[in-house]
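Chemist: Chains E and X supply the protein sequences, listed in that same order.
Residues in the first sequence are numbered consecutively from 1, following the numbering used here.
Residues in the second sequence are numbered consecutively from 1001, following the numbering used here.
Note that CB positions come from ideal geometry on N, CA and C, so glycine has one too.
Just so it is clear, the structure is predicted and the values come from calculations on it, not from any experiment.
Below is the structure I would like to discuss, written out as structure tokens.
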Amino acid sequence: MLEIKNLHVKLEEEDKQILKGVNLTVEAGRVHAIMGPNGSGKSTLSYVLSGRDGYEVTEGAATLNGEDLLGMEPEARAAAGVFLAFQYPVEIPGVGNMTFLRTAVNAQRKARGQEELSAGDFLKLVREKAKDLKIDAEMLKRPVNVGFSGGEKKRNEILQMAMLEPKLCILDETDSGLDVDAMKLVADGVNALRDANRGFLVITHYQRLLNHIKPDVVHIMADGRIIKTGGPELALEVEKNGYADILAEVA
Amino acid sequence: MALAQAKIDAAEARLAALSLPESTGWAQTARADALARLRAMGLPGRRDEYWKYTDPSSLTAPEAPRAALFSDPSDAPVFGEIDRLKIVFVDGIFDAEASDPLEMAGIEIERLDAAMQADIHWAKDVYGVLEARGQSPVERPLATLNTACATDGVVIRATARAEKPVNLIYLHKSESSDAILHHVVKIESGAELTVLENGPAAARFNKVMEVEVADGGAFHHIRTQGRDHERRAVTHLFARLGAESLFKSFTMTANGVMTRNEAVIEMAGDDASAHIAGAALGDGEFHHDDTVFITHDALNCESRQVFKKVLRNGATGVFQGKILVKAGAQKTDGYQISQSLLLDDDSQFYAKPELEIYADDVACSHGSTTGAIDEDALFYLRSRGVPLARAQDMLVLAFLAEAIEEIADETIADEILARLRGWLDRRHG
Ligand SMILES: Nc1ncnc2c1ncn2[C@@H]1O[C@H](COP(=O)(O)OP(=O)(O)O)[C@@H](O)[C@H]1O
Ligand SMILES: [Mg+2]
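Put into structure tokens, the structure is as follows:
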């Protein structure tokens, strides 16, 4: 589904290379986790895949079901099925959460040649999905992420994901700032979306989240490269010994 | 001295190009008084501090610069869906045919001329009176010129809650029209009225509206200034508010090569509330100036100024806003915000917020910002599939939201929103 080949990325404004040859394949139906020390390039990878400005791809490619992602506008990538749950969801004063969600859902449907959802159908769907995530009507009415707690922001990301039904879900440190209960809610939300046609790339710092969202494959990223790939046991090893051993091993 | 003389010469040159309206009785006195005040003040020039960011010359020149007529057949009439009493002026002249009969329960409406011919008229205590009070501490000679020379207008007195809004519609049909209109509004105790205004009015438009709100009265004002690209306008809104009264004014301006909207509001009775807001959208040759002066001279009054401007392609926005809290005006709650959203690097915004406070138990705040579209927010929206143009529009409307929220009536707010969306849509061509 997602194929990343030898991806090299530098900052547009600075002569700073961040990704230095990432190779990664995520198959439909599978959950891949990426772990790694701070500053290793995990968020950068997620931004480059979703189309944020400020990065320059100097080498390599990324495709989604054979389509070249890197040449597409962010909204086209979204319509093609890419979804990024942000590490730091953005606050947008003046834009209602509900209006935002509805605009996004219908824009994607339109881009795919589907009919737009009626106001009634949309409302029904949101209410249902919001309830599972314990997002109340009040939160839906407020401006996007404004005044939301850290946990509320993350749950709001998962709500968007559930509404948009993407093919590739990228979660960037969705566990940071969550208490145990919120983590459980978020993980349940993600697990509910797991199916044979959907791939996941779960970026995390800690093994914690992976107890709830069981990965099929775990990658360790350091200094802009994936330096080790293994099964779920790799996450446990990181949890126990930190990254030092693995870094030493490949050095 | 040379400067003062230049201003006086400018006033004389302007007056020479005008034919002064004939009047008798109280109107003659009011006009003569204004004329004398104008002759002493002169007309503003580029060097005036109060005109630092806006060049008054096209507003003060003896002849109005020509303004091409503009029409967009796809444009439905503003406020067209709202049940209202229409009063139409074409190039500054009342059009009885196009207007509704000047009748509504609880409201007295007359043409200015008719009121001026009456020996005794309530309008005598307002016409030119609020304008004259508004000349201190800052002179506003273009308003004085208006009092002296206005050729038409309406006087409206509300004695009860009006059943529907009064809509002043200003059509522009001549490329060289130079209109001077003066309206007087009196809201009696406990009465309530909404006045809607729309349209470009003329090639050059000088308009004054004086609004006296008695104790417990409520006045709502919503206007859109016509889309004609080349029109010029200077408007003054003078208001004096009695105890526990409410005053709300919102203006949307899209296009227009020159607009200066002044508002002078006096909080004269305790516990009154005045809100004034504006949303201006400028593209290309566009200069828009909001100049507001609010004086608190009573206890426990609230005033709020919310002005937002969206500028692109070299458009210019100006905001001069002052809150003056006089000694003894305790418990004043004053708020002022002026913000611009610059859609490119060519546009500019000048802001001069001022507070002058002589009472010790007050809460006043003001803020002014200039910025571009938030790139993080834009990416966030796009990453959810919202196309670029649509995402930008959402953020522009979000930016304007605080001003639009000042419109109390939901139907009217929706109408304004639709106009704003129309402007944004046209922008994408
Ligand atoms: N826009 C940017 N400007 C400056 N430095 C950046 C920017 N984006 C990423 N970096 C740098 O790139 C490196 C990788 O960052 P990031 O992708 O956020 O890592 P991670 O998510 O693994 O912690 C860091 O050194 C970070 O400071
Ligand atoms: Mg990160």
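1. Sort X:I1265, X:F1250, X:T1253 and X:L1246 by Cα distance to A1272 (chain X) and report the nearest one.
2. What are the residues that DSSP puts in a beta bridge with N1198 (chain X)?
3. Counting only the same chain and skipping the five closest in sequence on each side, list residues whose C-beta sits under 8 angstroms from that of P143 (chain E).
4. Please indicate yes or no: does the CB of K154 (chain E) lie closer than 6 angstroms to some heavy atom of ligand 2?
5. On a Cα-Cα basis, can you pick out the residue from X:A1254, X:E1302 and X:L1142 that is closest to V1208 (chain X)?
6. Specify the secondary structure class of R112 (chain E) as computed by DSSP and reduced to three states.
7. To the nearest whole angstrom, what separates the beta carbons of E173 (chain E) and H212 (chain E), a pair I think is in contact under 8 angstroms?
8. Is E14 (chain E) buried or exposed, if buried means 16 or more other CB atoms sit within 10 Å of its CB?
9. In terms of DSSP beta bridges, what is G1334 (chain X) paired with?
10. Starting from the beta carbon of E1375 (chain X), find every residue of chain E whose beta carbon is closer than 8 angstroms, and list them in chain order.
11. If you measure from the beta carbon of S1365 (chain X) to each beta carbon in chain E, is any gap under 7 angstroms?
12. Give me the residue from X:N1206, X:A1158, X:D1178 and X:N1167 with the minimum Cα distance to V1213 (chain X).
13. Tell me, please, which residues DSSP counts as bridged to M1104 (chain X).
14. From the DSSP output, read off the bridge partner residues of C169 (chain E).
15. DSSP three-state call for V1155 (chain X): helix, strand or coil?
16. Between the Cα of D1433 (chain X) and the Cα atoms of X:L1003, X:Y1050 and X:I1082, which residue gives the shortest distance?
17. Kindly list, in the order they appear in chain X, the residues whose Cβ is closer than 9 angstroms to that of T253 (chain E).
18. When every heavy atom of ligand 2 is checked, does at least one fall within less than 6 angstroms of the C-beta of K42 (chain E)?
19. My output table needs one value for D15 (chain E): the three-state DSSP class, helix, strand or coil.
20. Can you tell me which of E:R112, E:G113 and E:L140 puts its alpha carbon nearest to the alpha carbon of F122 (chain E)?
21. Any beta carbon from chain E within less than 7 angstroms of A1398 (chain X)'s own beta carbon?
22. Strictly under 7 angstroms for the Cβ-Cβ distance: is A1401 (chain X) near chain E by that measure?
23. For A130 (chain E), report the span of its alpha helix (DSSP H) as first-last.
24. Here's the rule: buried if 16 or more other CB atoms are within 10 angstroms of the residue's CB, otherwise exposed. What is S118 (chain E)?
25. Using 7 angstroms as the limit for Cβ to Cβ distance, is P166 (chain E) near chain X?
26. Out of E:I158, E:Y88, E:M163 and E:E152, which one is the CA nearest neighbour of K124 (chain E)?
27. Quick one: what's S43 (chain E) bridged to in DSSP?
28. Could you pull the start and end residues of the alpha helix (DSSP H) that A1279 (chain X) belongs to?
29. What ranges does the beta strand (DSSP E) occupy inside the segment 1350-1401 of chain X, keeping only unbroken runs of at least 3 residues that lie completely in it?
30. How far does the beta strand (DSSP E) with L210 (chain E) in it reach, from first residue to last?
31. Exposed or buried, T25 (chain E), counting other C-beta atoms within 10 Å across all chains shown (16 or more means buried)?
32. Have a look at F86 (chain E) and E157 (chain E) and give me their C-alpha separation to the nearest angstrom.
33. Cβ of Q1225 (chain X) within 6 angstroms of any heavy atom in ligand 2?
34. With 9 angstroms as the C-beta to C-beta threshold (strictly closer), list the residues of the segment 63-80 of chain E near chain X in chain order.
35. With a 10 Å radius around its C-beta and 16 neighbouring C-beta atoms as the bar for buried, classify S1019 (chain X) as buried or exposed.
36. Spatial neighbours of Q1348 (chain X) within its chain, please: C-beta separation below 6 angstroms, excluding the five flanking residues on both sides.
Modeler: Considering the structure as presented:
1. Of the listed residues, the one whose Cα sits closest to A1272 (chain X) is X:L1246.
2. Residue pairing by DSSP puts N1198 (chain X) in a beta bridge opposite X:I1169 and X:T1224.
3. Same-chain partners within the cutoff: E91, I92, P93, G94, V95, G96 and N97.
4. No, ligand 2 has no heavy atom inside 6 angstroms of this Cβ.
5. Closest option to V1208 (chain X), Cα to Cα, is X:L1142.
6. Three-state DSSP puts R112 (chain E) in coil, outside helix and strand.
7. Not confirmed; about 14 angstroms, so no contact.
8. Result: exposed.
9. X:S1303 and X:C1364, per the DSSP bridge assignment.
10. Going along chain E in sequence order, the residues near E1375 (chain X) (Cβ under 8 angstroms) are D53.
11. It does not; no Cβ of chain E falls within 7 angstroms.
12. Residue nearest to V1213 (chain X) within the set X:N1206, X:A1158, X:D1178 and X:N1167 is X:A1158 (criterion: CA-CA distance).
13. In the DSSP output, where bridge partners are listed per residue, M1104 (chain X) has X:I1107.
14. Answer is E:F83 and E:F200, bridged to C169 (chain E).
15. DSSP, read as helix, strand or coil, puts V1155 (chain X) in strand.
16. Only positions 1001 to 1429 of chain X appear in this structure, which leaves residue 1433 (chain X) out of reach.
17. As shown, chain E starts at 1 and ends at 251. That puts residue 253 (chain E) outside it, with no answer to give.
18. True, at least one ligand heavy atom lies under 6 angstroms from that Cβ.
19. In the structure shown, D15 (chain E) sits in coil (DSSP, three-state: anything other than H, G, I, E or B).
20. It is E:L140 whose Cα lies nearest to the Cα of F122 (chain E).
21. With 7 angstroms as the cut-off, A1398 (chain X) counts as an interface residue toward chain E.
22. For A1401 (chain X), the answer is yes, since a Cβ of chain E falls inside 7 angstroms of its Cβ.
23. Per DSSP, the unbroken alpha helix (DSSP H) holding A130 (chain E) starts and ends at A119 to D132.
24. Burial state of S118 (chain E) is exposed, judged by a 10 Å Cβ sphere holding fewer than 16 other Cβ atoms.
25. Taking Cβ atoms only, chain X never reaches closer than 7 angstroms to P166 (chain E), which makes this a no.
26. When only C-alpha atoms are compared, the closest one is E:M163.
27. Residue pairing from DSSP leaves S43 (chain E) without any beta-bridge partner.
28. Not the alpha helix (DSSP H): A1279 (chain X) falls in the beta strand (DSSP E), residues S1273 to D1283.
29. Here the runs fully enclosed are 1363-1371.
30. Premise fails: L210 (chain E) lies in the alpha helix (DSSP H), R208 to H212, not in any beta strand (DSSP E).
31. It is exposed - the Cβ of T25 (chain E) has fewer than 16 other Cβ atoms within 10 Å.
32. The alpha-carbon separation between F86 (chain E) and E157 (chain E) amounts to approximately 7 angstroms.
33. Every heavy atom of ligand 2 is 6 angstroms or more from the Cβ of Q1225 (chain X), so no.
34. Shown in chain order are the members of the segment 63-80 of chain E whose Cβ falls below 9 angstroms from a Cβ of chain X: E73, P74, E75, A76, R77, A78 and A79.
35. With fewer than 16 other Cβ atoms within 10 Å, it is exposed.
36. Spatial neighbours of Q1348 (chain X) in its own chain (CB-CB distance under 6 angstroms, excluding positions within 5 residues in sequence) are listed in chain order as T1316.
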